[in-house]
Structure formats: C-alpha cells, structure tokens
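Note that the sequence shown covers residues 2 to 374 in the working numbering.
Cβ atoms here follow ideal geometry from the backbone N, Cα and C, with glycine treated the same way.
What you are looking at is a predicted structure, and each value in this text was computed from that prediction instead of being measured.
One structure below.
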Amino acid sequence: MTIRVERITLREIRLELKEPFRISSGEIRERRILLLELHDASGASVWGECVAGEAPNYSPETIDTAWVAITQWVAPRVIRQAIDHPGAVHQELERDFRGHNMAKAGVEMGVWGLAATLAGQSLSRFIGGSRKAIDVGISLGIQASAERLIEKARAAHAEGYRKIKIKIEPGHDVEWVRAVRDALGPSAHLMADANNAYTLDDADHLAGFDELDLIMIEQPLAWDDLVRHAQLQRRLRTPVCLDESITSLDRAQDMVALGAGRIVNIKPGRVGGFTSSIAIHDFCRDSGIPVWCGGMFESGVGRAYNVALASLPNFSIPGDVSPSARYWARDIVSPEWTMESGLVRVPVDRPGIGVDVDAERIEALTVRREVLS
Numbered sequence: 002m003t004i005r006v007e008r009i010t011l012r013e014i015r016l017e018l019k020e021p022f023r024i025s026s027g028e029i030r031e032r033r034i035l036l037l038e039l040h041d042a043s044g045a046s047v048w049g050e051c052v053a054g055e056a057p058n059y060s061p062e063t064i065d066t067a068w069v070a071i072t073q074w075v076a077p078r079v080i081r082q083a084i085d086h087p088g089a090v091h092q093e094l095e096r097d098f099r100g101h102n103m104a105k106a107g108v109e110m111g112v113w114g115l116a117a118t119l120a121g122q123s124l125s126r127f128i129g130g131s132r133k134a135i136d137v138g139i140s141l142g143i144q145a146s147a148e149r150l151i152e153k154a155r156a157a158h159a160e161g162y163r164k165i166k167i168k169i170e171p172g173h174d175v176e177w178v179r180a181v182r183d184a185l186g187p188s189a190h191l192m193a194d195a196n197n198a199y200t201l202d203d204a205d206h207l208a209g210f211d212e213l214d215l216i217m218i219e220q221p222l223a224w225d226d227l228v229r230h231a232q233l234q235r236r237l238r239t240p241v242c243l244d245e246s247i248t249s250l251d252r253a254q255d256m257v258a259l260g261a262g263r264i265v266n267i268k269p270g271r272v273g274g275f276t277s278s279i280a281i282h283d284f285c286r287d288s289g290i291p292v293w294c295g296g297m298f299e300s301g302v303g304r305a306y307n308v309a310l311a312s313l314p315n316f317s318i319p320g321d322v323s324p325s326a327r328y329w330a331r332d333i334v335s336p337e338w339t340m341e342s343g344l345v346r347v348p349v350d351r352p353g354i355g356v357d358v359d360a361e362r363i364e365a366l367t368v369r370r371e372v373l374s
C-alpha cells in the first residue's frame, strides 16, 4: 500500500464549551479548533485535528502558529510524496525541523488515519490496539469553592467515571482534594493536576497529598523540567505523572533514568503524533511505567484518534476521553462519543477513524479555510 496525499484542506471552526473550564494558567470558554482533511490520490479521504490551543499557555504552539507551520513546512514534506507506511512521516518531519510537534502531529496522525482507511481496518487495530472499550476519566476544572468541587465530583462519580482528575493551584489544592476524598470515600480513584503551578520550594506542602491516596499528581513543576521533578518524586510517596515535560521518546527515557516520575500522560499532539506516541508507549510498557491518554478539548474528530491510541495495551489508567456531551452541546461527528458504565467503546468494526464527520455542520462553523496542494 502506497499513500500519496494530493491535498490537505485546513479549516478553523469554533465550538463553545457548555461551561467555562479553568486551570492554573487560565480559563477556556470557546475552543478554536484546527481541522484537516487529507485527500489521497486514490480518492480516499480522512479528517484529522491539530490540538494546539488559542494561547501559548500549555505549549509554545498555538492554532495560529500551527497554521503557519503546516502550510509552510509540514504539508510540503508530505503532499505528493509516495509514503509506504505512515511511520515514515515522523522521520521526515523531524529532519532539520525543530519543534512544532502539534502542527506535525495534525498531519502525521491524519496519514495514519488515511492508511487505516485504505487498508480497510479500524485505526485502533491498524496501530496494534487490543481493547474493545477503554476506561474513561473526567477532568474537573478549578471551581469557585470547595463545596462546588465536591458537588461536581459527586456527580462525576455517580455518572460512572473511573477516574476523577482535580485541577489545582496554590490556595486550591490539598485541602480541597481532601474534601473530595472525604466526600467520596477511600475507594474513589482521584488524582490532582497542577499544570506547572508549583516550584520545588512547595515540596513540603505537596507532600500533604501523600495522606490522600491519590493515583498521581500530574506535572506539578515547570513544563520543561525533569531534574526538579526527580527531586520532588524522591520526597513524595504519591506518584508524579509527567505531561508537558514528555515531548519525545528521549524525554520519556530521561524521566525513567532520572526517576522524575512514575507515570506518563501521552497526548499524541504534544509528542508529534502516533509514531512517537507508540514508541513512548512501548518503552514505558517495557520499563514498567503505566501510561494514560490526556485530552486537549478535542472535537469528536480528535477524540477518535485518542480513543484509537488508548486501545493499546499499556494504557492501563483511565484517560481524559470524556464523551462528546461532557464539553459540547453538539459535536461534529456521528455517532457522537458516548460513555456507558464508565467505558467508551472502541469502533473496531469500522475502517478508519470510526465516526462519520458532519461536513455540513463543519462548513457552517468554518471561519477560515486554506487548501494546500
């Protein structure tokens, strides 16, 4: 099978969140989403998504920098090239081309989706996934009060979510999570996510989480740090999970060598796509490091890629793959992603990404478009 991408159409759409979502670095009310449609010379096509955000508060990339990077540097390396396997795209995009992982991933993952479509296989099975359903976690933003957080956590627990992630920041951390633990009891699977809000000077304070039997504390220190996370992990019983710090296989290997964390959150957009994600997954599996799939407020298109990735065997911790209705009044795919008994079904019986895309709705939502050929 040879893949030959003839053109890529970029579209920006905007979806309003059902409610504002706040983390330590800011609040999101509306999501600007960069969609890609890849067309193969055979006539096959597939939708993909670049997960870069509106502002550089999670990574240096934004939707606007990604648009430029894709049009000027990423797409020209892929369009009209004979691609024998989608794994070759990652190597081509890394050659003399630093950074811009999310821009690269938008195209690279689209090629994986196209390859699965051409092969007549589900994306999950094409990449080696083995699960028919995956455990679902929920992420709760920083709330106005501890009482409101408890209310949200109780509702999520009652809905069947198998992990509850609580966003934290200084002043809204140990005691607030303790309140949720007391409300839900010792069996609830809880974790905290700091989004880089602390420094090593806060180590004694963060050690207070050790009393709460959390699955993990995610990315407490600087987004690009490994050394200080290693120092912090030595002072905590609670496992440290790295997110922003892991941008490649090399960084995952460094984490293990330094002892900077015990769990990895793999977001395929953050690490440059599926080839890198699979390599990190395999390394962590062989090193005894559990992984899980984080979310970036994707539409149903981006969610399809995350669900396929999370079907790999070492994704043993529930991921942030909430159903469509968690964030959107109406998604852009059919069927929308749903959850039953804390599980999202992997569409193993459908070729490609496993959902139909509502092209008419996307057309109505499009605020910017560019065709690359």
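- R32: member of the beta strand (DSSP E) spanning G27 to D41, first to last residue.
- Secondary structure at H173: strand, using DSSP grouped into helix, strand and coil.
- Judged by DSSP in its simplified three-state form, E20 adopts strand.
- The beta carbon of S26 sits closer than 6 Å to those of N58 and N196, all from its chain and outside the five residues before and after it, given in chain order.
- For E20, the number of other beta carbons within 10 angstroms of its own is below 16, and it is reported as exposed.
- Sequence-distant Cβ neighbours of G209 in its own chain, meaning closer than 7 Å and more than five residues away, are V175.
- E371 has L11 as its beta-bridge partners, per DSSP.
- L191: member of the beta strand (DSSP E) spanning L191 to D194, first to last residue.
- Around the beta-carbon of D332, 16 or more other beta-carbon atoms lie within 10 Å, marking it buried.
- In this structure, V112 is the residue among G301, L18, V112 and D214 with its C-alpha nearest to the C-alpha of Q82.
- Rounded to the nearest whole angstrom, the C-alpha separation of E95 and A231 is 28 Å.
- Secondary structure note for K133: it is in no beta strand (DSSP E), with a DSSP letter that is neither H nor E.
- Its chain contains L250 as the residues whose beta carbon lies nearer than 8 Å to that of A280, once the 5 sequence neighbours on both sides are disregarded; these appear in chain order.
- Per the DSSP secondary-structure output, V47 pairs in a beta bridge with L39.
- In this chain, the alpha helix (DSSP H) harbouring V108 covers N102 to A120.
- Of the other Cβ atoms in all chains shown, fewer than 16 fall within 10 Å of the Cβ of T339; this residue is therefore exposed.
- Remark: C-beta atoms of R229 and L222 approach each other more closely than 7 Å.
- Spatial neighbours of T10 in its own chain (CB-CB distance under 6 Å, excluding positions within 5 residues in sequence) are listed in chain order as E38 and V372.
- Judged by beta-carbon spacing, L35 lies beyond the 7 Å limit of W329, meaning their Cβ atoms are not closer than that value.
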